[in-house]
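Engineer: Just so we're aligned, residue 36 is where the sequence shown starts under this note's numbering, counting upward by one. We put the beta carbon where it would ideally sit given N, CA and C, even for glycine. This structure is a prediction, so every number in the text was calculated from the model and none was measured.
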Amino acid sequence: MLTDGTVTGELLRELRCAAGIGLRRMAAQTHYTPSYLSLVETGRRPVTEGVLDRYRAVLSDPVLDGVDLRRLSSTVSDPSSAGLSGVDDLAVILDKTRHLEDTVGAATVVSLVRGMDGTARELARHGAGGRPSAALASDVTRYRGWLEHAIGRRMVADRVLRDAVELAQDGAQRAHALSFRSLTARHDGDLAKALDLADGALAEDGVHPALRAFDRYWKAELLARRGEHRAAARELAADPPEYDELPPGGYWYTPGFLGVQRGLVLSCMGRRADGIAEATQGVKAMPAEHRHTDWLNVMLAQVDPDMRD
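1) With V333 as the anchor, note down where its alpha helix (DSSP H) starts and where it stops.
2) CA-CA distance, P340 and S302?
3) So, helix, strand or coil for M342, using DSSP?
4) Please report the straight-line C-alpha distance between G262 and L182, rounded to a whole angstrom.
5) Spatial neighbours of R343 within its chain, please: C-beta separation below 7 angstroms, excluding the five flanking residues on both sides.
6) For G285 versus L232, is the C-beta distance shorter than 8 angstroms?
7) Since M190 is in the alpha helix (DSSP H), which residue starts that stretch and which ends it?
8) Checking 8 angstroms against the spacing of the C-beta atoms, do H327 and W287 come in under that value?
9) Report the residue from A248, H184, E239 whose alpha carbon sits nearest the alpha carbon of D223.
10) Identify the continuous alpha helix (DSSP H) that holds A266 and give its terminal residues.
11) Below 8 angstroms on the Cβ atoms is my guess for L135 versus A155; work out the distance and round it to an integer in Å.
12) Within its chain, find whatever has a CB closer than 6 angstroms to the CB of T38; leave out the 5 residues flanking it on each side and keep chain order.
13) Under the rule that 16 or more other beta-carbon atoms within 10 Å means buried, what is T132, buried or exposed?
14) In chain order, what are the residue ranges of uninterrupted alpha helix (DSSP H) at least 4 long that sit wholly in the stretch 93-174?
15) Going by other Cβ atoms of all chains shown within 10 Å of its Cβ, with 16 needed for buried, is L72 buried or exposed?
16) Reducing DSSP to helix, strand and coil, say where D231 ends up.
17) Could you pull out every residue in the same chain whose Cβ sits closer than 7 angstroms to the Cβ of D137, ignoring the five residues on either side in sequence?
18) Which residue marks the beginning of the alpha helix (DSSP H) containing M61, and which one marks its end?
19) Compute the Euclidean distance between the alpha carbons of A236 and A272, then round it to the nearest angstrom.
20) Return the residue from the list A259, A199, G44, H243 that minimises the CA-CA distance to P275.
21) Within a Cβ cutoff of 6 angstroms, which residues of the same chain sit near D130, ignoring the five residues on either side of it in sequence?
22) Using three-state DSSP, classify W253 as helix, strand or coil.
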């Protein structure tokens, strides 16, 4: 497997791109020529152990810390033979890629996640690692759907997110995928579909309190955009959720994030000054690494265009 350049070279290229590292910079850091690495990444030269070791040394901080790259290569090459460790490797990369997106944006990581999506689905199809592989497939597919939405490929996003709903192993996964589908429908201008999907998300059981709160605030936004301000206000009236930890697949649903969403709803209800005040407090309460993300800028622009970073 380690000398299968077609698969492993492509994987190395995607991981390099996900980390935001250009080919020339990678060549300088690995002490190979750019032309040689290009041949390796396109499968025209074999991937040697030396190349693997040097790529890992460069990429370990962004995406591969704690991952056995050789085992990962085997998992990608032959998902039918993978075990739970291979599933765990992909889960680690998924988590790190989500956080990397906060820094470099969706367009940089989407290629990597598309490849992960195919691998995760194959792992689930073969039952590799048992139920965790099916749950991972839903998580990866849902994340890919979000990325496709974020880069403007909304028809693809909706299709992928439908798959994520079907792959879901519990109510929490279904609700999350339905919520993302609702977001895509809203940005396509279909408020009726968006509301139906939002109600579907709210009907699921076992959802984390923070994600449940966001789903209510999201429905409030949709109602406000339809001019149903009283109904929107009722969705905002619930007490703030109480919880100790956020799930890995929802680490951004912090109290500050929920505050920004509340501000967005208030602005949609015509209470722009109140919306700006609430969103401003929300931003202040957010972790520093979330305050300059693309997704936050999109939200703030809807509260008030002058709030964008």
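Structural biologist: Put simply:
1) Translated into positions along the sequence shown, residue 333 becomes position 298. Per DSSP, V333 belongs to the alpha helix (DSSP H) from 329-338.
2) For the purposes of this step, residue 340 is identified with residue 305 of the sequence shown, where counting begins at 1. For the purposes of this step, residue 302 is identified with residue 267 of the sequence shown, where counting begins at 1. Distance between the alpha carbons of P340 and S302: 11 angstroms.
3) Residue numbering aside, residue 342 sits at position 307 when the sequence shown is read from its first letter. Looking at M342 - three-state DSSP - the assignment turns out to be helix.
4) Position 227 of the sequence shown, counting from 1, holds the residue named residue 262. Position 147 of the sequence shown, counting from 1, holds the residue named residue 182. Going by the C-alpha atoms only, they are around 29 angstroms apart.
5) Working through the sequence shown from its first residue, we reach residue 343 at position 308. Short of 7 angstroms from the beta carbon of R343, and not among the five residues preceding or following it, lie these beta carbons of its own chain, in chain order: N332, L335, A336.
6) Taking the sequence shown and counting its residues from 1, the one referred to as residue 285 is at position 250. Taking the sequence shown and counting its residues from 1, the one referred to as residue 232 is at position 197. For G285 and L232, no; Cβs fall outside 8 angstroms.
7) Position 155 of the sequence shown, counted from the start, is the residue given in the question as residue 190. Run containing M190: 189-202, per the alpha helix (DSSP H) assignment.
8) Working through the sequence shown from its first residue, we reach residue 327 at position 292. Working through the sequence shown from its first residue, we reach residue 287 at position 252. The Cβ atoms of H327 and W287 do not sit closer than 8 angstroms to each other.
9) In the sequence shown, residue 223 corresponds to position 188, counting from 1. Considering only alpha carbons, the answer is H184.
10) Residue 266 sits at position 231 when you count from the first residue of the sequence shown. First-last of the alpha helix (DSSP H) with A266: 264-271.
11) For the purposes of this step, residue 135 is identified with residue 100 of the sequence shown, where counting begins at 1. For the purposes of this step, residue 155 is identified with residue 120 of the sequence shown, where counting begins at 1. Between A155 and L135 the Cβ distance is about 18 angstroms, and since that is not below 8 angstroms, they are no contact.
12) Locating residue 38 in the sequence shown gives position 3, where the first residue counts as 1. No answer about T38 holds up, because its pLDDT of 34 lies below 50 and its placement is not dependable.
13) For the purposes of this step, residue 132 is taken as residue 97 along the sequence shown, with counting starting at 1. Buried, since its Cβ has 16 or more Cβ neighbours within 10 Å.
14) Whole alpha helix (DSSP H) segments, 4+ residues: 104-112, 119-139, 141-161.
15) Within the sequence shown, residue 72 is the residue found at index 37, counting from 1. Answer is buried; the Cβ neighbour count reaches 16.
16) On the sequence shown, position 196 is the one that residue 231 refers to. Three-state result, D231: helix.
17) By 1-based counting over the sequence shown, the position of residue 137 is 102. Only E324, H325, T328 meet the Cβ criterion.
18) Sequence index remark: in the sequence shown, residue 61 carries index 26 (1-based). Per DSSP, M61 is one residue of the alpha helix (DSSP H) stretching across 58-65.
19) On the sequence shown, position 201 is the one that residue 236 refers to. On the sequence shown, position 237 is the one that residue 272 refers to. Take the alpha-carbon of A236 and the one of A272: they are about 19 angstroms apart.
20) Numbered from 1 along the sequence shown, position 240 holds the residue referred to as residue 275. For P275, the nearest C-alpha among the options comes from H243.
21) Position 95 of the sequence shown, counted from the start, is the residue given in the question as residue 130. Hits under 6 angstroms: P283.
22) Mapped onto the sequence shown, residue 253 falls at position 218. Note: W253 maps to helix in three-state DSSP.
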